[in-house]
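S.K.: Following the numbering used here, the numbering of the sequence shown begins with 16 at its first residue and continues without gaps.
Idealized CB from N, CA, C, for every residue including glycine.
This is the structure I want to talk about, given as structure tokens.
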Amino acid sequence: MKWYILILTSFILSSCSAQWHLKKAVKKDPSVLQKDTVTVVDTIVTPPVALTDTVVLHQTDTITIQKDRLKVKIMRSFDTIRVDAVCDTDTIISVMEVPVERVVYKERETPMQKLQRLALYLLGALVLWKVIEAKLLKR
């Protein structure tokens, strides 16, 4: 009975690795190893800015200047000049595409490790053969 536990334990500990399962998955679907692209969208909103200033004069006139997001309004009323400047809100959108690998695939098993694994299987088979032979001879 002790031999059965030893054999069962050796076969459980020498089961298939994750690397073996990954190889099988790659054989079924090679697109698993292709790079995937993640899109990162970042939005920055700048608040509107307003500025008002006053200068005193004696005539009446209004001038409006608008360029892109900036609007300047100069109002002259008798001895007062009023300057209103407004910079509208702006949205800056930054889109970046970052390539990301889905799965990193590495061949990790060396020829020495393969030889050790084969030796373990042969040893397990030999022990199993001896146990079965001993059981048959006792009968």
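Since glutamate 112 is in the beta strand (DSSP E), which residue starts that stretch and which ends it?
M.R.: Counting along the chain, the beta strand (DSSP E) containing glutamate 112 begins and ends at 105 to 116.
S.K.: From what residue to what residue does the beta strand (DSSP E) around leucine 85 run?
M.R.: 85 to 92 is the extent of the beta strand (DSSP E) around leucine 85.
S.K.: Helix, strand or coil, according to DSSP, for glutamine 128 in the structure here?
M.R.: Glutamine 128: helix per DSSP, three-state reduction.
S.K.: Does any residue of chain D bring its CB to less than 8 Å from the CB of glutamine 128?
M.R.: Within the model displayed, chain D is absent; a lone protein chain is all it includes.
S.K.: Terminal residues of the continuous beta strand (DSSP E) containing glutamine 81?
M.R.: 76 to 82 is the span of the beta strand (DSSP E), which, as asked, contains glutamine 81.
S.K.: How about arginine 97 and aspartate 76: are their beta carbons less than 8 Å apart?
M.R.: Not in contact: arginine 97 and aspartate 76 (Cβ atoms no closer than 8 Å).
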